[in-house]
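Inspection log for the structure reproduced underneath, given as structure tokens.
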Amino acid sequence: MPSISEDAGKMSGVKQDRDNLVVEFESMAAARNGALPQWLRSIKEDAMERFVDLGFPTTRLEQWKYTNVAPIARTELKPASNGIESSTLDLSKLRLVSTPAATLVFVNGHYSAALSSLSTQASEDARLRTGNLGEFLKNDDENVRGRLTRYADYQDHAFVALNTAFFEDGAFIQIPSRTVVQDPIYIVFYSDGSGKGTLINPRVLILAGESSESTIVEIYAGDGQNAALTNAVTEIVLGENATIDHFKLQQESDVAFHISTVQAHQDRSATFNSHSVSLGGALVRNDVNVVLDGEGAQCSLDGLYVESGQQHVDNHTLIDHAKAHCSSRELYKGILDDRSTGVFNGSVIVRKDAQKTDALQSNKNLLLSEGAEINTKPQLEIFADDVKCSHGATIGQIDPEALFYLRSRGLDSTAARALLVYAFSGEIISRIKSAPVRSLIGGALSGKITLGGDFPGSDPNEEL
Amino acid sequence: MAMLQIKNLQARVDEKEILRGINLQVNKGEIHAIMGPNGSGKSTLAQVLAGRDVYAVTGGEVTYEGKDLLAMQPEDRAREGVFLAFQYPVEIPGVSNMYFLRASLNAIRKHRGLDELDAMDFLNLVKEKMAKLGIEQNLMNRPVNEGFSGGEKKRNETFQMAVLEPRLAILDETDSGLDIDALKIVAAGVNALRSPDRSIILVTHYQRLLGYIVPDYVHVLYNGRIVKSGGKELALWLEEHGYGWLEKAAGA
Amino acid sequence: MSSQENSIEAVANQEYKYGFVTDIEADVVPRGLSEDTVRLISAKKNEPEFMLEWRLKAFRHWLTMEEPTWANVHYPKIDYQDIVYYSAPKTNKDRPKSLDEVDPELVKTYEKLGIPLREQELLSGVAVDAVFDSVSVATTFKEKLADVGIIFCSFSEAVQNHPDLIKKYLGSVVPYTDNYFATLNSAVFSDGSFCYVPKGVRCPMELSTYFRINAKDTGQFERTLIVAEEGAYVSYLEGCTAPMRDTNQLHAAVVELVALDNAQIKYSTVQNWYPGDKEGRGGIYNFVTKRGKCQGVNSKISWTQVETGSAITWKYPSCLLVGDNSIGEFYSVAVANNYQQADTGTKMIHIGKNTKSTIVSKGISAGHGQNSYRGMVKIVKGAAGARNYSQCDSLLMGDKCGAHTFPYLEVKNSTAQVEHEASTSKIGENQIFYCRQRGLSAEEAVSMIVNGFCKQVFKELPMEFAVEAQKLLGVSLEGSVG
């Protein structure tokens, strides 16, 4: 991990805001009044100290070179208070499949039992545990203890430290060993953008037992005119031979700030398929970090980012090949319009004993306008000598010949463009195995790409 | 006559002892499962039987159909009907799956005094088997295992086995890293090859596979030796009890 | 070493099968290089004044030059004074007029090389301009070609009989000042091939030339010039072998190709010069300048080569795409085994409009071999609509060899489309074992993998060469996995 010089990390101008957050932290801790187990209380204090020390990252840090979080640092952040009127949220517009295994809903970071549900089938298996992380923590659940906060590093990452210090509710999912959960599990984090500078820290912990299989979809949706910061951390631990298809669909409001960290840890022969789709937000940063910590583990990281206006989306991935015979596949595609800007930084580390590593990385970008900009950088650190690693990046524009062809067949310029843009993203959509999830994401995508109704994926009932 | 007779087989890699005296008899038509914790020597056994010479055999003997297996070159073992489905199938750039398999089949046919097949005849032979394993033509035109997911690689191994029709098939952790759907396809492929003339050795860490390919015998390999043998119930017992008892027993 | 590696070694310890020497007294010029040497060479060949002048200009220029050191190859310093620059077999002072007049010893030599001229004449219909130690010994099919107006003869003959063509085209693609070795060649070139295909003529057969170095310390300085006039087509094969020697032999050839409007030249090479023994001793130094000029519109020049020999290879067949819509192609397989070193590649210079170039380079490294690919694609400012596709693949066999790629892309025109792909793969013990477990021997496995790797290039070779190329590859990669 790159070391961070403390001086470079500090933003002296916003020490004031950190002080404000310290006050908030302390008042939250007091309000909890010892309701959390001791181990977590110490970690939270430690994390808060780290956050104050590190401060918000500046562009002098290599990992934040192209993403300036000054707008976030300048905002006076305040954790969302409890007791939001949750019945105002209409879940149907999210187009979730009608019979999920489970749905966990959080409004402004707080768990809503009313909106959440568990399918009958799922509730029959007592070993399948889903619910509010907060509840499991109150009971000091032994599966949570020893796992929560052990994977996502807060020592050197300010936003992870901030989340670790402040999170209260969150999602906990534990899939028992050798269990196949057929239907998707949805985790919805909704922010209503009602208050200015609302700080929401969604926290997710997913434990997959040996040889289990599951599909888990995290949806970040938001409304409102006020810029809120959603600072999410998801830890995923895959036991031996487990398989998880994980989705993160980000559809925040146009003015929202969204920072997220997904940290996956894979045991031997485990398979992690990550899909990250980023459509909303004004300033977005997604980190996906995977550690292949057992022989034969495999991961595939798919990403799609579609930007317009003046959006800025930064995708950083890190795949750590810690053991031999692991394979990783990465395909991130970006579509940037207007004056939007994007960043892709894909890191692959191959440790000394990780022989027979097979790593493939690709980043493809489509720039729709002259004002759009993308910075793409692959990074390979290879310490073993019998490996296969390749990477590629492309940046291009819409093929004028293809555009003309479509127009010559009757589509107007806007429709033709949209179709080509959709085709570009099609590769990512088609790699989604679960039909309901494919429909969900396809629909979200077509909402972002202006075209109109009769568009593949816009009908949630359509089989693609 | 036993198909395979292993007596006191010992093997090491570099300076490390891995197999410390394996004794096993597999008769024709039988399916034997070899289970055990990681590092017990399961894969080593499979590779030693196939003739991988990074492992040095330091003692014991192996008889295959009455012949001294250890004295045979890997390709001769293959031509005599031994097939190893690799735990980590390799990629071979520039050589298509189709071409490779045809070359392999022809080498084996030639050894048996049969005519070699040309591309068209070969395609006709394999079409049906491809369909059964859900392998598409375009996958077969790609270089061997190139760009294949873990599941596709294992399915390809099973497909090769179906085409080459070995008499002794050794499956090395074929189920690791597969989801249920892929596992079912592979298991169906293996079950389709069951026959009184064919023996199968399943090396597996997880009991899961044995629910689909039901073995006749289950052996537990620990620290380079077979420490327990039984019928298929042993696999279920292991699922419940795990492997922890092995260390305790070893310590006692 | 494991027993499997031993078996691969044992399986193929074929000696360089062309390693033999013909016992013929050669008419040699004393060692060393001076203006007198140049004059002597010119006089022995009875050259006209213009030719001597050209040689002398080149020689004087060479004296001002310094040997280049930028290539990624390392070799002991060449003593240019310790080389014999001319050698001709005594028994062939005058050119033999038919095969019957050829020294039977020589014919036996060619038979050993697998090209008995008589058989060639009867069966394959390939014209052979057999060059033996710098002097043409036999040429066949001249009459057939002459019928359609094609001139195919030794370079020396062309200087005598077609001086106007030589004057017009010699040095037009590779000027005598071009580079150190080309300049040396221009001064002391001994012989080579000359081919001229007139307007609209399609050469009815593949032309080829066989080379052989015999006398001790004789450098080969071949000069070849091929001109295809408007609408003409010719396919030329160059294949060489050489005997075993203790000291290194220098080979500095120059090949110039000129294609006018709508003309096509296909130049194929199978090169099998002695690569040095397993410890890296001996072997040919092959420093070659090959360049094609697509002078006319819609012209096309293709270079296809399979290089398995030489201790050191420094070679960049290139195309100057001057004419609009012209096309340049380069397909190559280069092998570096044992202690061979190769710094090879190509240059495609896009000058005209809508020009296109394709580069497919396959490098195989084995043993302690070092293979460097240096490819330049240059698109000048006025070269609108240029397109290039480059694919450069390296295959490493074993752990001790190396492959390096230095692509240079210089694009000064914004309408250019340039695509570059590079890949490196390794053949190790595990791939070989996988094949063996499927019934293939180690030898079959290596052969299958190598041929799969090279097939894109092999299919560009004329049929006769493709078979020889595959065999050559097999021989040159013996014992390579281990």
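Protein chains in written order, with our numbering: chain B, 32 to 495; chain H, 2 to 253; chain U, 3 to 484.
Built from N, CA and C at the ideal position, the CB exists for glycine as well.
Contact check for C403 (chain U) against A338 (chain U) passes: the beta carbons are separated by less than 8 Å. Nearest CB-CB separation between S425 (chain U) and chain B: below the 8 Å threshold.
Taking C-alpha positions only, I267 (chain B) is separated from N9 (chain H) by approximately 44 Å. In the structure shown, H253 (chain U) falls within a strand segment according to DSSP collapsed to helix, strand and coil. Under the DSSP assignment, Q48 (chain H) falls in the alpha helix (DSSP H) whose first and last residues are K43 to A51. The alpha carbon of A255 (chain U) has as its nearest neighbour, out of U:H370, U:F467, U:A184 and U:S363, the alpha carbon of U:A184.
For the segment 182-210 of chain H, residues whose beta-carbon sits nearer than 7 Å to a beta-carbon of chain B comprise Y207 and R209. Under the 8 Å criterion on CB atoms, N272 (chain B) is classed as interfacial with respect to chain H. In this structure, G311 (chain B) and S284 (chain B) form a Cβ contact; the two beta carbons are roughly 6 Å apart against a cut-off of 8 Å. Distance from the CA atom of G34 (chain U) to the CA atom of Y88 (chain U), rounded to whole angstroms, is 10 Å. The criterion of a C-beta distance shorter than 8 Å is not satisfied by F157 (chain U) and L42 (chain U). Only those residues of the segment 403-435 of chain B whose C-beta falls short of 9 Å from the nearest C-beta of chain U are listed: D416, D417, K419, S421 and G423. Here K124 (chain B) is exposed. Its C-beta has fewer than 16 other C-beta atoms within 10 Å.
Looking at the backbone, the Cα of N432 (chain U) and that of M399 (chain U) are separated by about 12 Å. Taking 8 Å as the threshold, the shortest C-beta distance from G178 (chain H) to chain B falls below it.
Interface annotation, P167 (chain H): not in contact with chain U, CB-CB separation never under 8 Å. The beta carbon of Q329 (chain B) sits closer than 8 Å to some beta carbon of chain H. Distances from the alpha-carbon of Q69 (chain B) to those of B:P110, B:N170 and B:S150 put B:N170 closest. Scanning its chain for C-beta atoms nearer than 7 Å, with the 5 sequence neighbours on each side dropped, one finds around W64 (chain U) the residues T185, L186 and A189, in chain order.
Residue ranges of uninterrupted alpha helix (DSSP H) with 4 or more members, entirely inside the segment 403-459 of chain B and ordered along the chain, are 431-439.
In the DSSP assignment, Y221 (chain B) falls outside any alpha helix (DSSP H) and lies within the beta strand (DSSP E) extending over I216 to S222. Judged by beta-carbon spacing, L165 (chain H) lies within the 8 Å limit of F84 (chain H), meaning their Cβ atoms are closer than that value. A distance of 8 Å or more separates the beta carbons of Y207 (chain H) and S41 (chain H). The DSSP-derived three-state label of G202 (chain U) is coil. Residue H:L106 holds the alpha-carbon nearest to the alpha-carbon of D119 (chain H) among H:G60, H:A3, H:L106 and H:A47. Minimum Cα-Cα distance from E309 (chain U) among the listed residues U:D401, U:S270 and U:L322 corresponds to U:S270. Residue burial annotation: R57 (chain U) is buried, with at least 16 other C-beta atoms found within 10 angstroms of its C-beta. At least one CB atom of chain H sits nearer than 8 Å to the CB of R299 (chain B). Under the three-state reduction of DSSP, F87 (chain B) is assigned to coil, being neither helix nor strand. Here V204 (chain H) really is in contact with D173 (chain H); their C-beta atoms are around 5 Å apart, less than 8 Å.
Within chain B, the C-beta atoms nearer than 9 Å to that of G151 (chain H) come from S300, T302, G327, Q329 and S358, in chain order. According to DSSP, K17 (chain H) shares a beta bridge with H:V14. The DSSP-derived three-state label of R62 (chain U) is helix. For H112 (chain H), the secondary structure class from DSSP, reduced to helix, strand or coil, is helix. Secondary structure of Y213 (chain H) (DSSP, three-state): coil. By the Cβ-count criterion, W275 (chain U) is buried, with 16 or more other Cβ atoms from all chains shown falling within 10 Å of its own Cβ.
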